[in-house]
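S.K.: Can you read through this structure? Questions will come right after.
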Amino acid sequence: RMIRVCVLLVVFFLSFRYLAKLSSVGSIRDEETCERLRGLIQRQVQICKRSVEVMDAVRRGAQLAIDECQFQFRNRRWNCSTLENMPVFGKVVTQGTREAAFVYAISAASVAFAVTRACSSGELEKCGCDHNVHGVSPEGFQWSGCSDNIAYGVAFSQSFVDVRERSKGQSSSRALMNLHNNEAGRKAILSHMRVECKCHGVSGSCEVKTCWKAMPPFRKVGNVIKEKFDGATEVEQRKVGTTKVLAPRNSQFKPHTDEDLVYLEPSPDFCDYDPRTPGMLGTVGRQCNRTSKAIDGCELMCCGRGFQTQEVEVVDRCSCKFHWCCYVKCKQCRKMVEMHTCR
Ligand SMILES: *[C@@H]1O[C@H](CO)[C@@H](O)[C@H](O)[C@H]1NC(C)=O
Ligand SMILES: *[C@@H]1O[C@H](CO)[C@@H](O)[C@H](O)[C@H]1NC(C)=O
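Residue numbering for the sequence shown is -22 to -1, 1 to 321, as defined by mature numbering (1 follows the signal peptide of the UniProt record, and there is no 0).
Take a look at the structure:
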């Protein structure tokens, strides 16, 4: 099943419209596999063949993107639903909506992230740790250890993910939107790189400190992009001289930055199931929070249709005791809680 999901995900990068015809392809191991990935455009096939070993990291990145999208949207009407036998994420992202902006950003980020991670772990021949980070820092610590080679991951994401938009010509407003959001996704990693350190010396006295540059955890990247989703800017295409740019539709808004998400069309309300629109599952049966006034609250989640309440039993850990030394032992408690689901 895992493999099947992975294959679906790869397809998703290649085109949202392509169905997962590739379920028979288990992993990307050789150049021949690249030929068989039907959704690829020619330029991507070339990249795939040149970098077969990197492509497996791309697959893992796709999985990260899906998991993170579903986590970030778990309490929203559109919950980043993915279905078998349809383009992953559905039609929702084939329109220029805010949701599409999120999906493009998280995907571009996840490819950069997974490729960088693969570089650091030493599994790729083409890249390793970032050796440009060395010497003694102004703060007096020693750069040492494996700094994440984010430049490599970002460059790979730029070439592989963005090539689709570039091949279409960069002038359509949708291509501009996708490219902008791809870049914003990668920026969410770049602008949150951290310095991690280790102390050396007698009983951890930190006489010598060695540090390296590390990517933030992917959850952090997801949180940043979700915040950008919440504050995304609606834009339209304008001509400045001979170049086309995206500018805020409402000219009173301050222009977006490189790190912000942009979208072209307002989102549908996602209330109702629509069999003709993949990914449009509606909110019937979704769990909601009776006391919340936000989008996870029953009022908004159920689109005013009302909700049902059930008593369900949940098993929890309780009466946890610390035992010397060193483990914690808990009892299992059962309790009844109310669960609300949309009509
Ligand atoms: C998303 O919501 C649908 C119902 O609208 C549900 O069937 C599905 O399990 C949910 N997916 C996730 C990942 O929570
Ligand atoms: C429901 O919403 C309230 C108010 O926002 C919050 O305090 C509570 O933790 C939520 N309950 C659940 C089960 O998420």
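Glycine is no exception: its CB is placed at the ideal position from the N, C-alpha and C atoms. Predicted model only: the values in this text are computed from it and were never measured.
Would you mind reading off the limits of the alpha helix (DSSP H) that contains residue 124?
M.R.: Element bounds for residue 124: n/a, residue is neither H nor E.
S.K.: Taking all protein chains shown into account, decide if residue 44 is buried (16 or more other Cβ within 10 angstroms of its Cβ) or exposed.
M.R.: buried
S.K.: Distance check for residue 50 and residue 268, CA to CA, integer angstroms please.
M.R.: 20 Å
S.K.: Tell me whether residue 286 counts as near ligand 1, meaning its Cβ is closer than 8 Å to at least one heavy atom of that ligand.
M.R.: Not under cutoff, so the answer is no.
S.K.: Mapping DSSP to helix, strand and coil, what is residue 300?
M.R.: strand
S.K.: Taking 8 Å as the cut-off, is the CB of residue 42 close to at least one heavy atom of ligand 1?
M.R.: no
S.K.: Touch check for the segment 93 to 104 and the segment 76 to 84: three-plus C-beta pairs under 8 Å?
M.R.: At 8 Å Cβ cutoff, the stretches do not touch.
S.K.: Assign residue 231 to one of three DSSP states: helix, strand, or coil.
M.R.: coil
S.K.: Residues in the same chain with beta-carbon distance under 6 Å from residue 73, minus the five sequence neighbours each way, listed in chain order, please.
M.R.: The residues are 243.
S.K.: Which residues, in chain order, sit with a beta-carbon under 5 Å away from any heavy atom of ligand 2?
M.R.: Checking every Cβ against the heavy atoms of ligand 2 under 5 Å gives 267, 269 and 270.
S.K.: Whose beta carbon lies closer than 5 Å to any heavy atom of ligand 1, going through the chain in order?
M.R.: 48, 57, 59 and 259
S.K.: Since I believe residue 190 is in contact with residue 123 (beta carbons under 8 Å), could you give me their beta-carbon distance rounded to a whole number of angstroms?
M.R.: 4 Å
S.K.: Helix, strand or coil, according to DSSP, for residue 157 in the structure here?
M.R.: helix
S.K.: If we count the other Cβ atoms within 10 Å of its Cβ and call it buried at 16 or more, is residue 179 buried or exposed?
M.R.: Counting Cβ neighbours within 10 Å, residue 179 comes out exposed, since fewer than 16 surround it.
S.K.: Can you name, in chain order, every residue of its own chain whose Cβ lies under 8 Å from the Cβ of residue 127, other than the five neighbours on each side?
M.R.: 94, 97, 98, 105, 106, 107 and 108
S.K.: Taking the runs of the alpha helix (DSSP H) that are 4 residues or longer, which of them lie wholly in the segment 235 to 319?
M.R.: 276 to 279
S.K.: When the Cα of residue 84 is compared with those of 259, 295 and 158, which residue comes out closest?
M.R.: 158
S.K.: Take every Cβ of the segment 198 to 212, pair it with every Cβ of the segment 179 to 188, and state whether three or more of those distances are shorter than 8 Å.
M.R.: no
S.K.: Hey, would you say residue 155 sits closer than 9 Å to residue 240, going by beta carbons?
M.R.: yes
S.K.: Whose C-alpha, out of 118, 217 and 162, is nearest the C-alpha of residue 210?
M.R.: 162
S.K.: Going by DSSP, what residue range makes up the beta strand (DSSP E) through residue 215?
M.R.: 211 to 218
S.K.: Could you have a look at residue 223 and say whether DSSP puts it in helix, strand or coil?
M.R.: strand
S.K.: Please list, in chain order, all residues of the same chain as residue 139 whose beta carbon is under 8 Å from its beta carbon, the five residues on each side excluded.
M.R.: Around residue 139: -10, 85, 86, 89 and 160.
S.K.: Below 8 Å on the Cβ atoms is my contact criterion, and I expect residue 137 with residue 19 to pass it. Report the Cβ-Cβ distance as a whole number of Å.
M.R.: With 8 Å as the limit, residue 137 and residue 19 do not qualify as a contact, their Cβ atoms being about 13 Å apart.
S.K.: Compare the C-alpha of residue 198 against each of 176, 168 and 219 and name the closest.
M.R.: 168
S.K.: Count the other CB atoms within 10 Å of the CB of residue 316; is the residue buried (16 or more) or exposed (fewer)?
M.R.: exposed
S.K.: Go to residue 11, then tell me how far its beta strand (DSSP E) extends in each direction, as first and last residue.
M.R.: Taken as a continuous stretch (DSSP letters only), residue 11 belongs to no beta strand (DSSP E), being part of the alpha helix (DSSP H) at 9 to 14.
S.K.: Just grab the DSSP bridge partners of residue 192 for me.
M.R.: 172
S.K.: Residue 214: which of 201, 228 and 221 sits nearest, CA to CA?
M.R.: Nearest option by C-alpha distance: 228.
S.K.: Residue 272: buried (16+ other C-beta within 10 angstroms of its C-beta) or exposed?
M.R.: Exposed: under 16 other Cβ atoms inside 10 Å.
S.K.: Report yes if the CB atom of residue 261 is closer than 9 Å to the CB atom of residue 320, and no otherwise.
M.R.: yes
S.K.: Residue 195: which of 182, 174, 181 and 183 sits nearest, CA to CA?
M.R.: Out of 182, 174, 181 and 183, 174 has the C-alpha closest to the C-alpha of residue 195.
S.K.: Helix, strand or coil, according to DSSP, for residue 64 in the structure here?
M.R.: Confidence at residue 64 is low in this model, with a pLDDT of 43, below 50, so its placement is unreliable and no value can be given for it.
S.K.: Only counting the same chain, and skipping five residues up and downstream in sequence, which positions put a Cβ closer than 7 Å to that of residue 308?
M.R.: 295, 296, 297 and 298
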